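2 protein chains.
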Amino acid sequence: MPYRQTEQTRARIEATRERIVEAAREQIAEAGYASASVQAVATRANVATGSVYRHFPSKADLFAEVFTRASQRELDLVTRVTSDGTRPAPERIAEAAEAFARRALAAPTLAYALLAEPVDPAVEAERLTFRRGYRDAFAKALDDGIAANELRELDSQLAAAAIVGALGEALLGPLSPASNGHSAPKHHDALVANLVQFCLNAIEEKTHVGARSHS
Amino acid sequence: MPYRQTEQTRARIEATRERIVEAAREQIAEAGYASASVQAVATRANVATGSVYRHFPSKADLFAEVFTRASQRELDLVTRVTSDGTRPAPERIAEAAEAFARRALAAPTLAYALLAEPVDPAVEAERLTFRRGYRDAFAKALDDGIAANELRELDSQLAAAAIVGALGEALLGPLSPASNGHSAPKHHDALVANLVQFCLNAIEEKTHVGARSHS
DNA sequence: CGAAGAAGTGAATCACGATTCACAGCTTGT
DNA sequence: ACAAGCTGTGAATCGTGATTCACTTCTTCG
Chain U
1 MPYRQTEQTR
11 ARIEATRERI
21 VEAAREQIAE
31 AGYASASVQA
41 VATRANVATG
51 SVYRHFPSKA
61 DLFAEVFTRA
71 SQRELDLVTR
81 VTSDGTRPAP
91 ERIAEAAEAF
101 ARRALAAPTL
111 AYALLAEPVD
121 PAVEAERLTF
131 RRGYRDAFAK
141 ALDDGIAANE
151 LRELDSQLAA
161 AAIVGALGEA
171 LLGPLSPASN
181 GHSAPKHHDA
191 LVANLVQFCL
201 NAIEEKTHVG
211 ARSHS
Chain L
216 MPYRQTEQTR
226 ARIEATRERI
236 VEAAREQIAE
246 AGYASASVQA
256 VATRANVATG
266 SVYRHFPSKA
276 DLFAEVFTRA
286 SQRELDLVTR
296 VTSDGTRPAP
306 ERIAEAAEAF
316 ARRALAAPTL
326 AYALLAEPVD
336 PAVEAERLTF
346 RRGYRDAFAK
356 ALDDGIAANE
366 LRELDSQLAA
376 AAIVGALGEA
386 LLGPLSPASN
396 GHSAPKHHDA
406 LVANLVQFCL
416 NAIEEKTHVG
426 ARSHS
């Protein structure tokens, strides 16, 4: 039996796989999903086109993994913030929304690809899963807040979806490819503050004196 | 000069063009954009594939017109409601949001295609134009309401975008192809009422006693 | 009617990027 | 060093659906 995979080989293969995933992520972060042909990704990863298929059964699988990894990082962050039981729910929601928006604005092309750009159906499915994840994260905090009388009574699932939609749509302008190049990071602060305030207003008790934006 | 187009011929050609546009609209209303190949549309309109190209330079042009017509109808309605200067701004916004949501839920496959389904870039552009239209319609009413002290001070463009996003995202669940078949129109009333209330809460003065949903 | 020209047809072509695969080049154990 | 069997390659193939176009059919009018 003249060949058996050794640890060294296994590690090299794993490293190549990583390079491919990373190349794919870089490609959409730089020029969007539309630019991310298998060729382009392979070239960027310094492998041949066919090699991509040694690691992933299809392009859709590759990008499903790319989307999963990138989105999971964001979702983990949001979930961590919304789940922090030691703080008032409105505060958690505000911070989660703010973090989400800021991070999206900091990597606009990637965020646009993750949130809105047309992709393969299989990748779209991944996207929907994560939208549901965001919604559920917000819904959980909403439920906490309602139970604690910090928030008005509302359909938490619906309100959570609406928050996710509001964040996405309001960011779409600044994120969309057309409007990049003349981004004014200075205005981002105001945009984020207004957006967070919008969400808070929508869910807080009417009697609650809403915090001004925390400078 | 043995042939010159007569009125009769012109009318027949125009009628065929109409049939094609209508067939395309029916196709996406029934089975979504994904199902709307040029073949499928041609067959439904009782013409040959090639004939479609006697009327439209490309598939994208055909569907741009389909989207424009269908969306314009909706946008006109929303704009009419949000522009009615004789009524308080919050009332106008609530009614516009409600109308938008109800009409979407009444024709879910079409609404899904118009709002969210993956489409050609050229058609996507049309979609974005209309999104901006909705946003502007809401922004106008928001400006009126702010000026009249009926609404809190806020960035009307941003808030309008957020409203559009909230409506879209909250409707996406009920509209998406996966969740059709077991639609419960009965629940739509509650959904719409909650959604409208969410939007109103986000924009009304804190001191304002919000109206219950107008049954 | 018959010629001129337009409109209609649909099978063939094309575009385009994902996917394959026969071959080249490694890695490993004897 | 060699054979076995893996990994890497990238040009060729494939699939899909839009688009074309040579041909047929229809309309008009002298």
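Line by line, the protein sequences give chains U and L.
Each residue of the first sequence is one higher than the last, beginning at 1 in the working numbering.
Each residue of the second sequence is one higher than the last, beginning at 216 in the working numbering.
Idealized CB from N, CA, C, for every residue including glycine.
Predicted model, so just to flag it, every value in this text is computed and none were measured.
Residue burial classification, residue i (beta-carbon count within 10 angstroms, cutoff 16)
i               : result
Q254 of chain L : exposed
A211 of chain U : Legend: pLDDT at A211 of chain U = 48, less than 50; position of this residue unreliable, value from coordinates given subsequently. Under this definition A211 of chain U is an exposed residue.
A162 of chain U : buried
R227 of chain L : exposed
E229 of chain L : exposed
G220 of chain U : Residue 220 of chain U cannot be examined here, being either before or after the span of chain U that is shown, 1 to 215.
S430 of chain L : Residue confidence for S430 of chain L is low, a pLDDT of 40 falling below 50, so the modelled location carries little weight; the figure read from the coordinates is stated next. Per the 10 Å Cβ criterion, exposed.
T109 of chain U : buried
R288 of chain L : exposed
P174 of chain U : buried
D189 of chain U : exposed
A393 of chain L : exposed
N261 of chain L : exposed
A36 of chain U  : buried
T224 of chain L : exposed
T6 of chain U   : exposed
G360 of chain L : buried
Cβ shell of residue i (< 7 Å), same chain only, five flanking positions each side left out
i               : result
A48 of chain U  : A42
F345 of chain L : S286 and L290
R259 of chain L : A238, E241 and Q242
L387 of chain L : A331
T82 of chain U  : R92, I93, A96, A137, F138, K140 and A141
Chain L contact residues for residue i, given Cβ-Cβ distances below 7 Å
i               : result
L191 of chain U : L373
A202 of chain U : F413, N416 and A417
E169 of chain U : A376, A377, V379, G380 and G383
Residue i: contacting residues in chain U (beta-carbon distance under 8 Å)
i               : result
P303 of chain L : Result: empty, since nearest Cβ-Cβ is about 18 Å, beyond 8 Å.
Beta-carbon contacts of residue i that lie in its chain and below 8 Å, excluding the five residues immediately before and after
i               : result
L357 of chain L : A304, I308, L366, L369, S371, A374, A375 and I418
V192 of chain U : E98, A101, R102 and L105
S176 of chain U : Y112 and A116
A246 of chain L : T324
R284 of chain L : V236 and R240
Within chain L, partners of residue i - CB distance below 8 Å
i               : result
G173 of chain U : A376
Residues near residue i by beta carbon distance below 6 Å, same chain, minus five either side
i               : result
R17 of chain U  : H55
A385 of chain L : L410
K274 of chain L : V253
R135 of chain U : A160, A161 and V164
G168 of chain U : L115
R19 of chain U  : A45
T79 of chain U  : A137
Beta carbon of residue i nearer than 9 Å to that of residue j
i               : j               : result
L195 of chain U : A148 of chain U : no
A122 of chain U : F63 of chain U  : yes
R342 of chain L : F282 of chain L : yes
E65 of chain U  : V119 of chain U : no
A34 of chain U  : A107 of chain U : no
A311 of chain L : A352 of chain L : yes
N416 of chain L : K206 of chain U : yes
Chain-ordered neighbours of residue i on chain U, where CB pairs are closer than 9 Å
i               : result
L369 of chain L : N194, Q197, F198 and N201
E339 of chain L : P118
Distance cut-off 8 Å: residue i Cβ against heavy atoms of the ligand HEM
i              : result
P88 of chain U : Among the ligands in the structure shown, none appear at all, so the ligand HEM cannot be discussed.
| beta strand (DSSP E) runs contained entirely in the segment 257-303 of chain L, provided each spans 3 or more residues | none
| message | I'd like the ranges of any alpha helix (DSSP H) spanning at least 4 consecutive residues and lying wholly in the segment 82-127 of chain U. | response | 89-106 and 108-115
| message | Just to confirm the assignment: which complete alpha helix (DSSP H) runs, minimum length 4, are found wholly within the segment 362-414 of chain L? | response | 371-390
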